[in-house]
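S.K.: Residue numbers (the numbering used here): 125 to 200.
Mind having a look at this structure? Questions to follow.
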């Protein structure tokens with residue numbers, strides 16, 4: 125898969141436009157592509173904007189490199 129890189133300051137980054145939809149609401153957003161990631165993460169405010177009650181999602185711990193707990197997320 126190929127996509128264009130966008131310049132942010134002096135750095136080129138793989139940023140793509142997406143549309144998020146939930147219960148008839150839709151927002152456009154630009155996201156950074158992380159081709160090595162197992163999951164996609166969005167700030168809670170984005171979920172709220174399209175009507176997701178994030179605290180009703182499944183609670184899950186997220187671990188970073190080295191097995192260190194990074195945060196707790198809610199999955200819709």
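Positions of the beta carbon are idealized from the N, C-alpha and C atoms, including for glycine.
1. Assuming residue 176 and residue 185 are in contact, meaning their beta carbons sit under 8 Å apart, how far apart are those beta carbons, in whole angstroms?
2. State the Cα-Cα distance for the pair residue 135 and residue 163, rounded to the nearest angstrom.
3. Taking Cβ to Cβ, would you say residue 174 is nearer than 8 Å to residue 155?
4. Comparing alpha-carbon positions, which option in 171, 194, 198 lies nearest residue 182?
5. Closest to residue 167 by C-alpha separation, out of 187, 153, 132, 127, would be which residue?
M.R.: From the atom records:
1. On the chain shown, position 52 is the one that residue 176 refers to. On the chain shown, position 61 is the one that residue 185 refers to. Not really, about 20 Å apart at Cβ, beyond 8 Å.
2. Within the chain shown, numbered from 1, the residue matching residue 135 stands at position 11. Within the chain shown, numbered from 1, the residue matching residue 163 stands at position 39. Taking the straight line joining both Cα atoms gives about 24 Å.
3. Sequence index remark: in the chain shown, residue 174 carries index 50 (1-based). Sequence index remark: in the chain shown, residue 155 carries index 31 (1-based). Residue 155 sits away from residue 174, with the two beta carbons spaced by 8 Å or more.
4. What you label residue 182 is simply residue 58 of the chain shown in a count that begins at 1. Distance check between residue 182 and each of 171, 194, 198 places 198 closest, using alpha-carbon atoms only.
5. Within the chain shown, numbered from 1, the residue matching residue 167 stands at position 43. Ranking 187, 153, 132, 127 by Cα distance to residue 167 puts 153 first.
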